[in-house]
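Heads up, the sequence shown is in my numbering, so the first residue is 63 and it goes up one at a time. Here a beta-carbon is modelled for each residue, glycine too, at the ideal position from N, C-alpha and C. Computed from a predicted structure; not experimentally measured. To start, the structure under review is shown below, and the notes come after it.
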Amino acid sequence: MHRDGQELSVVTEDWQRIQSRRVLVAAGLAAELPDVPGLKERWGHEVLHWRHTHRWEARDLAIAVVGSFRQALLFRQLTEKLTLILRGADDLSMGQRAQLTGLGVRILEGEIGGLEIDSHGQLAGAHLTSNTQVPAQRLVISPRVMACVDFLNGLGVSIRPHPTEASEQVAVDSSGFTGVSGVWAAGSVSDVLASAPVAAAAGSAAATAINLDLLVCDHTSIAAAPPTTGGFSGAMEAEVTRRVLGPRIHGLETILSRGNGSPTLPADLHKGDQPELPG
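Okay, here's the thing in structure tokens:
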């Protein structure tokens, strides 16, 4: 996307060019997934990220959470069959470890080496690089997610880190305005934790702001434009009258031309008729 005069120009993947005065970006997120065979294909189905998106489907199942104390607490609300896998860089305080142990959470350490698939093609678990088997019907990971906004780089849109997640998102105000003229953003691209209703509400707020911005812009342009000359103005009417009636425009020339000093009406008006205008 780039600026083309007063408009924004967008080029699609199939090289179609679309121009618009305003753009609402709702391109979503891209997750940086671990390099584990089969994980990408099961992402969003059996490999999960956010507990509030997959609560009902994951209830009472065997779940393995990779490297996140907070995610372990959240998914413990759904099942008693929970395992937390700590990687090399992950660590728990003594209090956190005691809390999870008290909740019956199994704690393991190691890196995931691959997934286990049952005879029906469903996720059955994972195995660590140490060959430890972890039964799991759902695997929860916390990948770094990024707003899909590379195409905005040339416009100067600001990207900021999320305050609680290992993620980045577009910086916007309450209406979704990015601070760059003509560009708004809504949904998970500007709030990585936005659920579908929240994203829809943000899109509605941005659409309202865009409509108002266009309305103000159009009315400002009209007010600044010079007066139109396309209609039949007063000056034009005066000129037509002058050309048609000539010296009879007020009738004074006819009266004064009689030279008797007393005002009289033109002879043709004595008849009660209006003077004929030349064709």
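Extract the residue ranges of the beta strand (DSSP E) inside the stretch 206 to 284, only unbroken runs of 3 or more that lie entirely within it. 206 to 209, 221 to 223, 229 to 232, 245 to 247
Going by alpha carbons, who is nearest to L154 out of V72, V128, W246, G175? Translated into the one-based positions of the sequence shown, residue 154 becomes position 92. When each option's Cα is compared against that of L154, the closest is V128.
Jot down the residue ranges of each uninterrupted beta strand (DSSP E) in the stretch 123 to 159, minimum 3 residues, whole runs only, in chain order. 125 to 128, 144 to 148
State yes or no: is the C-beta of R104 within less than 7 Å of the C-beta of I272? Here the question's residue 104 lines up with position 42 in the sequence shown. Here the question's residue 272 lines up with position 210 in the sequence shown. No, the Cβ-Cβ distance between R104 and I272 is not below 7 Å.
Around the Cβ of M63, are there at least 16 other Cβ atoms within 10 angstroms (buried) or fewer (exposed)? Locating residue 63 in the sequence shown gives position 1, where the first residue counts as 1. Its Cβ being crowded by 16 or more others within 10 Å, M63 is buried.
G359: first and last residue of the uninterrupted alpha helix (DSSP H) it sits in: Residue 359 lies beyond the range of the chain shown here (63 to 341); nothing can be said about it.
Could you compute how far the alpha carbon of D76 sits from the alpha carbon of F213? Along the sequence shown, read from residue 1 onward, the residue named residue 76 stands at position 14. Along the sequence shown, read from residue 1 onward, the residue named residue 213 stands at position 151. Rounded to whole angstroms, D76 to F213 spans 15 Å at the Cα level.
Cβ atoms of R159 and T145: under 7 Å apart, would you say? Locating residue 145 in the sequence shown gives position 83, where the first residue counts as 1. Locating residue 159 in the sequence shown gives position 97, where the first residue counts as 1. No, these two residues do not count as a Cβ contact at 7 Å.
Please classify E108 as buried or exposed, where buried requires at least 16 neighbouring CB atoms within 10 angstroms. Numbered from 1 along the sequence shown, position 46 holds the residue referred to as residue 108. Burial call: buried.
Neighbourhood of A120 by C-beta, 6 Å cutoff - its chain only, sequence neighbours within 5 removed: Numbered from 1 along the sequence shown, position 58 holds the residue referred to as residue 120. L140, R200.
Using DSSP with H/G/I as helix, E/B as strand and the rest coil, what is L95? Residue mapping note: residue 95 aligns to position 33 of the sequence shown, counting from 1. DSSP places L95 in coil when its eight states are reduced to three.
What are the boundary residues of the beta strand (DSSP E) that includes I169? On the sequence shown, residue 169 is found 107 positions in, with the first residue counted as 1. Where I169 is concerned, the enclosing beta strand (DSSP E) stretches over 168 to 171.
Should the stretch 192 to 210 be called in touch with the stretch 249 to 260, which here means at least 3 C-beta pairs below 8 Å? yes
Per DSSP, G187 forms a beta bridge with which residues? In the sequence shown, residue 187 corresponds to position 125, counting from 1. According to DSSP, G187 bridges with E178, P197.
Please report the straight-line C-alpha distance between I221 and L276, rounded to a whole angstrom. Stepping through the sequence shown from its first residue, residue 221 is reached at position 159. Stepping through the sequence shown from its first residue, residue 276 is reached at position 214. Distance between the alpha carbons of I221 and L276: 25 Å.
Based on DSSP bridge pairs, tell me the residues matched to L165. Locating residue 165 in the sequence shown gives position 103, where the first residue counts as 1. According to DSSP, L165 bridges with nothing at all.
Compare the C-alpha of E178 against each of V196, S192, S130 and name the closest. In the sequence shown, counting from the first residue as 1, residue 178 sits at position 116. Cα-wise, what sits closest to E178 is V196.
Please report the residue range of the beta strand (DSSP E) in which E75 lies. Taking the sequence shown and counting its residues from 1, the one referred to as residue 75 is at position 13. First-last for E75: undefined, no H or E at that position.
Would you identify the three-state DSSP class for E119, choosing helix, strand or coil? Here residue 119 refers to the residue found at position 57 of the sequence shown. If DSSP states are grouped into helix, strand and coil, E119 belongs with coil.
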